[in-house]
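First to last, the protein sequences are chains A and B. The numbering used here puts the first residue of the first sequence at 4, with every later residue one more than the last. The numbering used here puts the first residue of the second sequence at 16, with every later residue one more than the last. Okay, structure first, notes after.
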Amino acid sequence: MISRVAENAFWLARYLERVEGMSRMLYVNINFVLDVNLEGVPRWYPLVLAVGAEKEFRARTKEADRDDAETVQQFLCWDQDQPASIASALDNARDNARTIRETISLEMWESLNGLSLWFNGPEGRKRYQRERFEFYQYLRDQCALFQGFALDTMLQSEAYHFMRLGTSLERAGHTARMLDVKYHALGPTGRSIEWPREIAQWQAILRSCCAIEPYFKVAQGDLSGPRVAEFLLFEKEFPHSVTRSLDQANKFLKLVRPRGSSADRSAKALADLRSQLDAISMEEVMQRGLHKTLSWIVDSVAGICSAVQEEYFLAPTQVRRHRTEPKRKLSRTA
Amino acid sequence: MVKKTGAKPDRDKSERIFSSYKPLASTYDEYFSEAGKVRSQASTVVQHLENLGRDEIRDRMRLAHASFLEGGITFSVYSDARGGERVFPFDPLPRVIDPVEWRRIEQGMKQRVEALNSFLGDIYSRQKILKDKKIPSEIVLGSPVYRREVQGIRPRNGNYIYVAGIDLIRDQQGVYRVLEDNVRVPSGVSYVLENRIVMKKTFPRLFDRHNVVPVEEYPNRLRRAVTSAMPGRGTNLVVLTPGVFNSAYFEHSFLARRMGCDLVEGRDLTVIKKRVYAKTTRGLQPVDSIYRRIDDDFIDPLAFRKDSTLGVPGLFEAYAKGNVVLANGIGNGVADDKAIYPFVPDIIRYYLGEEPIIEQVPTYICERKADRQYTTENIDKLVVKAVNEAGGYGMLVGPKATKQERAEFVKKVNANPRNYIAQPLVELSASPTWTPRGPAPRRLDLRPFVLRGKDTWVLPGGLTRVALVRGSYVVNSSQGGGSKDTWVLESKKS
Numbered sequence: 004m005i006s007r008v009a010e011n012a013f014w015l016a017r018y019l020e021r022v023e024g025m026s027r028m029l030y031v032n033i034n035f036v037l038d039v040n041l042e043g044v045p046r047w048y049p050l051v052l053a054v055g056a057e058k059e060f061r062a063r064t065k066e067a068d069r070d071d072a073e074t075v076q077q078f079l080c081w082d083q084d085q086p087a088s089i090a091s092a093l094d095n096a097r098d099n100a101r102t103i104r105e106t107i108s109l110e111m112w113e114s115l116n117g118l119s120l121w122f123n124g125p126e127g128r129k130r131y132q133r134e135r136f137e138f139y140q141y142l143r144d145q146c147a148l149f150q151g152f153a154l155d156t157m158l159q160s161e162a163y164h165f166m167r168l169g170t171s172l173e174r175a176g177h178t179a180r181m182l183d184v185k186y187h188a189l190g191p192t193g194r195s196i197e198w199p200r201e202i203a204q205w206q207a208i209l210r211s212c213c214a215i216e217p218y219f220k221v222a223q224g225d226l227s228g229p230r231v232a233e234f235l236l237f238e239k240e241f242p243h244s245v246t247r248s249l250d251q252a253n254k255f256l257k258l259v260r261p262r263g264s265s266a267d268r269s270a271k272a273l274a275d276l277r278s279q280l281d282a283i284s285m286e287e288v289m290q291r292g293l294h295k296t297l298s299w300i301v302d303s304v305a306g307i308c309s310a311v312q313e314e315y316f317l318a319p320t321q322v323r324r325h326r327t328e329p330k331r332k333l334s335r336t337a
Numbered sequence: 016m017v018k019k020t021g022a023k024p025d026r027d028k029s030e031r032i033f034s035s036y037k038p039l040a041s042t043y044d045e046y047f048s049e050a051g052k053v054r055s056q057a058s059t060v061v062q063h064l065e066n067l068g069r070d071e072i073r074d075r076m077r078l079a080h081a082s083f084l085e086g087g088i089t090f091s092v093y094s095d096a097r098g099g100e101r102v103f104p105f106d107p108l109p110r111v112i113d114p115v116e117w118r119r120i121e122q123g124m125k126q127r128v129e130a131l132n133s134f135l136g137d138i139y140s141r142q143k144i145l146k147d148k149k150i151p152s153e154i155v156l157g158s159p160v161y162r163r164e165v166q167g168i169r170p171r172n173g174n175y176i177y178v179a180g181i182d183l184i185r186d187q188q189g190v191y192r193v194l195e196d197n198v199r200v201p202s203g204v205s206y207v208l209e210n211r212i213v214m215k216k217t218f219p220r221l222f223d224r225h226n227v228v229p230v231e232e233y234p235n236r237l238r239r240a241v242t243s244a245m246p247g248r249g250t251n252l253v254v255l256t257p258g259v260f261n262s263a264y265f266e267h268s269f270l271a272r273r274m275g276c277d278l279v280e281g282r283d284l285t286v287i288k289k290r291v292y293a294k295t296t297r298g299l300q301p302v303d304s305i306y307r308r309i310d311d312d313f314i315d316p317l318a319f320r321k322d323s324t325l326g327v328p329g330l331f332e333a334y335a336k337g338n339v340v341l342a343n344g345i346g347n348g349v350a351d352d353k354a355i356y357p358f359v360p361d362i363i364r365y366y367l368g369e370e371p372i373i374e375q376v377p378t379y380i381c382e383r384k385a386d387r388q389y390t391t392e393n394i395d396k397l398v399v400k401a402v403n404e405a406g407g408y409g410m411l412v413g414p415k416a417t418k419q420e421r422a423e424f425v426k427k428v429n430a431n432p433r434n435y436i437a438q439p440l441v442e443l444s445a446s447p448t449w450t451p452r453g454p455a456p457r458r459l460d461l462r463p464f465v466l467r468g469k470d471t472w473v474l475p476g477g478l479t480r481v482a483l484v485r486g487s488y489v490v491n492s493s494q495g496g497g498s499k500d501t502w503v504l505e506s507k508k509s
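Next up, the structure:
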C-alpha cells in the first residue's frame, strides 16, 4: 500500500488509542479521588507527569493550581495546543482518518467524525460540565465502537494491520505510563508492607487499565504493588498488559513485513524488548526499580515506533522485485 | 402543555405549501407552467410534499443536513482562513427531467464531447481546422491554456477527454443551452451520488411513486473508461489529488473509494526511466492509469510550473512516451477556453458533419474589435466572464452590478481583451426551492457528466446547482449555491 497511507493508518490508531486511554485515566481518577481522602498527597498532578506533558503544563499554570482537579482536566482534555490532550489526539485522529477515508470503512469514518462533531460541539461541552463521568464514558464507548467497526467492516489487509500495529504499540506504552503514576504520586515502590493509600492507588491504576476484575481472577486475593505491576507487565492473557501488547505488535509487524524485506530494524528492536522482558523476573524488576524499568519500556517502545516510521513510511526508492525472484539485498537510501 | 401527538393540527393541512408560490416573471419554471398549474412531471412530487406538510419537511431537512455533516460530505472554502469544511447546501425539492427531454440532452452531450475530443486531436497534430480557416488560429494558439509541450504527442487511443462536465441552462422558453464546457478536471459528481443517497434516506416514499433512473454506477463506469486505454493492466489505477486541503478532497476520496483504487498525492508517486511508480510499504509499484485532479500547471514541475510542489517530476515525459494514461489529457483547456466556446457549433459541423443538437448562448469575443466595442458600450446588459476562470470568480453580471464595478470591468477588458467574453444575461430557469418561508423560485443550472472510454456514456441527470440567494444568477458553491437531486424518469413501462 501507499507508504503515506500506511503512516496515516498507523497514526490514526495511535491517536485513537490515546483518546481512549486518557478518557479512562481521567474517569478513574475522579473515582479514586472520591474514594480516598489523601491529605497532602498529589492526586491530579501525577497524571500530567505520567503522560509526559509536564513542561507544557507548568508553562500554563500557577504553582498553586497544579494539583487542582479542574485545571488538570481542562489541560488534559481540552488544550488544543498541547499534544497529550484528548482534544488534540481526537483532532489528529480525525485528520488522519479524513486523509485516508478511501482506506477505512464508511462506518469507521462516520463513527469517528460523529465523535469529533460531538466533542467539539455544544453537546460535548455540556456533558463535560454537567456529567463528567458520562462524558469520559461516552468517549471510551465511541472509541470502542470505532474498533468494533474496524474489526467487522474494514478489509483485514495491510492498512488494518498497520492500524493494529499502531494500537498495540501505543497501548504498551500507555500501560507502562499508567503503572508509573504511582511513582509520581507516592514515590518508589518497595517490597515492605504498603500503606492503605498505596493499595488504593494500585487499585486505581488497575481500573484505568480496565484490569480490576481480570486482576482479581488471576491474583486470587493478593493485592500488592509488585503483584499489580507483574500483572500489568507480564500477564499473557490480559489485553492491556505490556507483553501482550508487544506480542500483538509483533504479530501485526510480521504481517506487514514483506518476504525477504530489508526492514528488520523495527522487528529486531521489538524482538529485543520482548526477549529482555521474558528474561527478567519480577524480583529483578523490583531490584532494579520499577520506575526505572517502566521508563526503559516507554523509551524502547518509542524507539520501535521510529524504526517503523523509517522503514515503512519514508519514501522507498527501489522498484519492487517480483516475488519469485531470488532474494536480493535491497539498499535503502531513504 | 400537551405534547403534540401523531395527528397534525388542521391549520397545517389547510395552508397548502405551494398555494402562495409564484413563478418568476419571464422565466421558465421547472415545476409550474403558471401559478397554480403544475407541469406533469412535477405533479407527484408536489402532491407528496403537500401531504407531508411544512413541519415534516423541515424535520427531514434537518435530518438531511445532519447526514451530510456526519458523513463529512463537505467542501473547503478557500476564502475561509481556517480552511473550514462546509456542507454543500442541499435542497430537498428534486429537479425532474422528462425521459424524452433527457434523450435529446444525452445525444447532444455525446455529440459535443466527441467533437471536442476530435478538435484536441487535430489542434495538437495537423491543425487542419486552422488551415481550413474555420477558427482564427490566433485565438487557438494564443490561448494561455494551449500547451505547446503536447504538440505532436498522441495520447493512447487518441483519447484526451475521459470525463467532461457540460454546464447547461434553460432560457425563458425552457430551451436547454450549453453555457460552458469543462473538459479539464470537472468536479461535483460525488454530490450527485450523495444527494441521491440522502434523498432516499429522507424522502423514501417519493421514490415509491416514480421510476427514477439510478446514478450509482458512475464510479464503475469511470474506472472502466480510464483504464480502457491500458488493456490488461487496469488494476494499477490511482486517483491523484492535490491533497486534503483541496476544496474537492471529499470527492477525490469518494471516487477512489468507489473505484476501489489508491488515492495518492504527488509525493506518493515517482518516475524512473519514464515509468510511473507508487511509493508503497513494499517498495515501488508501477502505475498505469491516473485519474488526476491536479491542473496541468501543477502536474509536473519539470514540464510546467517549476514552483509546483503538488506534482510529480517527470510525469509529463512518461505520459508523452505513452507509458501512463492521464485522464484527462494534458492541454485539454484549449477545448473549453471560453473564447473557443463560440466556435463549438462550427467544430461540431467540421468534425462530425452534423448540426449541433443542443444550442448555446450568443457570445461576444472581446479580442475582436467590434465585439469589444459592443461589450464595453452595453456592459449594463451583459455578463462578462474571464475566459479561464471557474467557480464564478472573475465575472461581472452587468445588470446587477454598480456603476463603479462596470467601469472597473471595462478597464479590465480593454487592458486584456483576449481574457474576456460577454454574453447577454440569460434568464436561467428557476425551480421551487425550500426557504425558511416555504418554497420560492430560485435559478438553477445542470451539469451532466460524460464519460468517454471505449464508448461514451452520460450519467443520467447530473448535478443541478441552485442559486440560493434571492434574485441571484450565480449557482457556484463558492458563491452561495446549493444543489438538488436530479431525476431522470424512466420511460413509461408498457
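Beta carbons are placed, not taken as given, at the ideal position from N, Cα and C, and that holds for glycine.
Q | C-alpha gap between Ala232 of chain A and Leu182 of chain A, whole angstroms | A | Rounded to whole angstroms, Ala232 of chain A and Leu182 of chain A show a C-alpha spacing of 7 Å.
Q. In the DSSP assignment, what are the bridge partners of Ser498 of chain B?
A. B:Phe105, B:Arg480
Q) Which residue's Cα is closest to the Cα of Lys149 of chain B: B:His63, B:Ile363, B:Gly486, B:Leu284? A) B:Ile363
Q) Which ranges does the alpha helix (DSSP H) cover as unbroken runs of at least 4 residues, wholly within the stretch 124-204 of chain B, from first to last along the chain? A) Within the stretch 124-204 of chain B, the complete alpha helix (DSSP H) segments of 4 residues or longer fall at 143-146, 152-156, listed in chain order.
Q) Taking the Cβ atom as the reference point for each residue, do Glu404 of chain B and Val228 of chain B lie within a distance shorter than 8 Å? A) no
Q: Quick one: grab the DSSP three-state call for Asp95 of chain B.
A: Reliability fails at Asp95 of chain B, whose pLDDT of 44 lies under 50, so the model's placement of it is uncertain and the value that follows must be treated cautiously. In this structure, Asp95 of chain B counts as coil in the three-state DSSP scheme.
**Q.** Within chain B, the residues that Thr102 of chain A reaches when beta carbons sit closer than 7 Å
**A.** What Thr102 of chain A touches in chain B: Val259.
Q) Are the C-beta of Met166 of chain A and some C-beta of chain B separated by less than 8 Å? A) So, not an interface residue.
Q | Buried or exposed by the 16-neighbour rule on C-beta atoms within 10 Å, applied to Lys18 of chain B | A | Confidence at Lys18 of chain B is low in this model, with a pLDDT of 47, below 50, so its placement is unreliable and no value can be given for it.
Q) Does any C-beta atom of chain B lie closer than 8 Å to the C-beta of Leu172 of chain A? A) no
Q | Residues that DSSP places opposite Arg260 of chain A in a beta bridge | A | For Arg260 of chain A, which the question treats as bridged, DSSP gives no partner whatsoever.
Q. Does the distance from the C-beta atom of Asn132 of chain B to that of Arg467 of chain B stay below 8 Å?
A. yes
**Q.** Spatially closest choice to Tyr233 of chain B from B:Val398, B:Thr417, B:Phe464, by CA coordinates
**A.** B:Phe464
Q. Roughly how far, in whole angstroms, is the beta-carbon of Pro191 of chain A from the beta-carbon of Gly127 of chain A, given that I think they are within contact range, below 8 Å?
A. Not confirmed; about 39 Å, so no contact.
Q: Measuring alpha carbon to alpha carbon, tell me which of A:Ser298, A:Asp98, A:Glu197 ends up nearest Asp225 of chain A.
A: A:Glu197
(Q) Just to confirm my understanding: we take Thr20 of chain B, look at its own chain, exclude 5 residues before and 5 after, and list those with CB closer than 7 Å. What are they? (A) The pLDDT assigned to Thr20 of chain B is 48, lower than 50, so where the model puts this residue is not dependable, and the model offers no usable value.
Q.
Looking only at its chain, what residues have a beta carbon closer than 7 Å to the beta carbon of Tyr139 of chain A, apart from the 5 residues adjacent to it on each side?
A. Ser26, Leu29, Tyr30
Q. If Arg75 of chain B and Phe218 of chain B are in contact, beta carbons under 8 Å, what's the gap, nearest whole angstrom?
A. 6 Å
Q: Pull up the distance between the alpha-carbon of Tyr365 of chain B and that of Ser160 of chain A, whole angstroms please.
A: 53 Å
Q. Would you call Pro377 of chain B buried or exposed, if buried means 16 or more other Cβ atoms sit within 10 Å of its Cβ?
A. exposed
Q: Return no unless some Cβ of chain B is closer than 8 Å to the Cβ of Arg133 of chain A.
A: For Arg133 of chain A, the nearest beta carbon of chain B is not closer than 8 Å to its own beta carbon.
Q: Determine the extent of the alpha helix (DSSP H) in which Met76 of chain B is found, giving its start and end residues.
A: 69-85
Q: Buried or exposed for Glu153 of chain B, please, with buried defined as at least 16 other CB atoms from any protein chain shown within 10 angstroms of its CB.
A: By the Cβ neighbour-count rule, Glu153 of chain B is exposed, with fewer than 16 other Cβ atoms within 10 Å of its own.
Q) What did DSSP end up calling Glu23 of chain A once you bin it into helix, strand or coil? A) Note: Glu23 of chain A maps to helix in three-state DSSP.
Q: May I ask which residues mark the beginning and end of the alpha helix (DSSP H) holding Ser211 of chain A?
A: 199-211
Q.
Please return the same chain residues whose Cβ sits closer than 6 Å to the Cβ of Gly281 of chain B, not counting the five positions on each side in sequence.
A. Leu325, Gly326, Val327
Q) Terminal residues of the continuous alpha helix (DSSP H) containing Met166 of chain A? A) 161-182
Q: Determine, using beta carbons only, whether Arg7 of chain A comes closer than 8 Å to chain B.
A: yes
**Q.** Residue interval of the beta strand (DSSP E) (run including Gln438 of chain B)
**A.** 435-439
Q. Just to confirm, are Arg69 of chain B and Gly453 of chain B a CB contact at a threshold of 8 Å?
A. yes
Q: May I have the straight-line CA-CA distance separating Leu270 of chain B from Glu49 of chain B, to the nearest angstrom?
A: 41 Å
Q. Would a check of beta-carbon distances place Val44 of chain A closer than 8 Å to chain B?
A. no
**Q.** Inter-residue spacing [alpha-carbon to alpha-carbon] between Glu121 of chain B and Val473 of chain B
**A.** C-alpha separation (whole angstroms): 6 Å.
Q) Taking Tyr43 of chain B as the reference, which of B:Arg307, B:Asp460, B:Val259 has the closest Cα? A) The shortest C-alpha separation from Tyr43 of chain B is found at B:Asp460.
Q | Collapsed DSSP secondary structure at Gly329 of chain B in the structure displayed | A | coil
Q) Under a Cβ-count criterion, where at least 16 other Cβ atoms within 10 Å of its own Cβ denotes burial, should Asp267 of chain A be classed as buried or exposed? A) exposed
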